[in-house]
Each structure stands twice: as structure tokens, then as C-alpha cells.
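Peer 1:
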Amino acid sequence: MLKKYLAIFFVSMVPLVELRVAIPISQGFRLPLLQSYIVCMIGNMLPMPIIYLFARRVLEWGKDKKYIGKFFTFCLEKGHKGGEKLKEKAGNGLFLALVLFVGIPIPGTGAWTGTLAASILDFGFKKSVVAVFLGVLLAGIIMGAVSAGLFTAIFSFA
633 MLKKYLAIFF
643 VSMVPLVELR
653 VAIPISQGFR
663 LPLLQSYIVC
673 MIGNMLPMPI
683 IYLFARRVLE
693 WGKDKKYIGK
703 FFTFCLEKGH
713 KGGEKLKEKA
723 GNGLFLALVL
733 FVGIPIPGTG
743 AWTGTLAASI
753 LDFGFKKSVV
763 AVFLGVLLAG
773 IIMGAVSAGL
783 FTAIFSFA
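Every position in the sequence shown, counted from 1, becomes a number in our numbering once 632 is added.
The structure is reproduced here in C-alpha cells:
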């Protein structure tokens, strides 16, 4: 059972999939939902301070390097454009916009992307941590409800 918990913990740390995939995996493993939710939350939030503090610096450092420069420049430009667009639309509601961006489980959103956007926008570390945490809570609740219902239906037919 420990291996299953470690698996969902590490899956929840992976960019793009995060706890959006880890929670359904936990339900496929038939692990208790509440414990799985907590393990996935911790795994999803663990990289957040590192992303906030260092990802932007790494991208700026690498943007003029020979082999990685184009990709790093692309990431920075996309982050700036997305951040400015989010700022325009959200105005004073940037905190709530970040919570919803992270919390609504669709491809391309999540703790990694939200944290990088907050870093590029100079949103502030404490506000970013709280907004991303609330977003991860929301995404976890949504994925937990969907996964529990789906796997209950699947296992009842099996």
C-alpha cells in the first residue's frame, strides 16, 4: 500500500498532470479518498516554492543560450503575454483569477503553471502560495468527486 501512496505522491508532483491525474489513479488503486487527497495535495504543493523562486530566473538565464534559448524565450514570452492578459481581465480580482486558473482542472492549468504565472507577474510569494493552495484544494475536490463517482460506477459493474 505504501508503494501506491508513493506513486500518487510523485505523480502529483509532475508538471501538467499533477493531482488531476494522481487522484484518479488513487481511486483506480482503491485507496481511501481522503488520505489520497491529502497525499496528492502535499505532493502537488511541494514544488511550488521552488518554482516561484527559481523558474523565472532559470528561464531568464537560459533565454540567450545557444540550444535552449528559443524554448526559454518562448516560455517567458508566453508567460508574460498570459500574465498580462490575466491582469487585464481580472483587474483587482487577480487573486481570485489565479485561484480559479489553478482550481479548474483543464489541460495547461494547475499549480506549476499558476505559480510560474504568479512569479512572472511579481504577484508576491505569500499571496501566490495562498492562491495556488486554494486552487489546488478546489481542483482536488473536483477531481475527487469525479473520480469517486466514475470508479464507483466502474467497480460496481465489475
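In this text, a Cβ means the ideal position worked out from N, Cα and C, and glycines have one as well. Please read these numbers as outputs of a predicted model, since none were measured by experiment.
Mapping DSSP to helix, strand and coil, what is R688?
Peer 2: Helix, per DSSP.
Peer 1: Are at least three pairs of beta-carbons, each pair with one atom in the stretch 689-698 and one in the stretch 729-747, less than 8 Å apart?
Peer 2: No, they do not touch.
Peer 1: Quick one: using the 10 Å Cβ neighbour count with 16 as the cut-off for buried, is E716 buried or exposed?
Peer 2: Exposed: under 16 other Cβ atoms inside 10 Å.
Peer 1: Reducing DSSP to helix, strand and coil, say where M775 ends up.
Peer 2: Helix at M775.
Peer 1: Can you name, in chain order, every residue of its own chain whose Cβ lies under 6 Å from the Cβ of N676, other than the five neighbours on each side?
Peer 2: Correct list, in chain order: S644, E650, L651, A743 and V768.
Peer 1: What number of angstroms, rounded off, separates the C-alpha of A736 from the C-alpha of A785?
Peer 2: At residue 736 the sequence reads Ile, which differs from the Ala that was named. Roughly 23 Å separates the two Cα atoms.
Peer 1: Below 8 Å on the Cβ atoms is my contact criterion, and I expect I700 with S668 to pass it. Report the Cβ-Cβ distance as a whole number of Å.
Peer 2: Actually they are not in contact, since the Cβ atoms of I700 and S668 sit about 36 Å apart, beyond 8 Å.
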